[in-house]
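Okay, structure first, notes after.
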Amino acid sequence: MDKLVTIELFGQTHTFKAKSEVTKAKAVADLLVKEVSRIEDQQANQSSNMSKLTILMLAALNIANENMELKRNHSKLLDDVTDRTTNLIHTLDNSVQ
Numbered sequence: 121m122d123k124l125v126t127i128e129l130f131g132q133t134h135t136f137k138a139k140s141e142v143t144k145a146k147a148v149a150d151l152l153v154k155e156v157s158r159i160e161d162q163q164a165n166q167s168s169n170m171s172k173l174t175i176l177m178l179a180a181l182n183i184a185n186e187n188m189e190l191k192r193n194h195s196k197l198l199d200d201v202t203d204r205t206t207n208l209i210h211t212l213d214n215s216v217q
């Protein structure tokens, strides 16, 4: 059975096959829809008129930027945990001797 996910963007329904679990794919698709809606709402308050493609690209770039920031923060956290663990092991080794 195919894993299909359906979303609505710009008043049109789009259905695609999910490579992962449907719930995960739906969550990702919903994130895109939410970001597109946020940008559309933001543009409604401005005089410029963006194309659908531009809005979609901006939404994708915003999500990608957020993903990169989360990865960067995760990497910093892992480095911090590694440093603290190393210091703790060193302190424990010195106190045992």
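The sequence shown runs 121 to 217 under the working numbering. Glycine included, C-beta positions come from ideal geometry on N, C-alpha and C.
For residue 141, same chain residues with a beta-carbon under 8 Å away, outside a window of 5 residues either side, are 123 in chain order. Burial is judged here by how many other beta carbons sit within 10 angstroms of a residue's own beta carbon; residue 216 has fewer than 16 and is exposed. For residue 128, the uninterrupted beta strand (DSSP E) segment begins and ends at 124-129.
About 5 Å separates the CB atoms of residue 130 and residue 172; that is less than 8 Å, so the two are in contact.
In this structure, the alpha-carbon of residue 209 lies about 20 Å from that of residue 196. A direct Cα-Cα distance of roughly 14 Å separates residue 160 from residue 128. Looking at the DSSP output, residue 137 shares a beta bridge with 124. When DSSP states are grouped into helix, strand and coil, residue 162 belongs to the helix group.
When C-beta atoms of the segment 144-161 are compared with those of the segment 181-195, three or more pairs fall below 8 Å, so the two segments count as touching.
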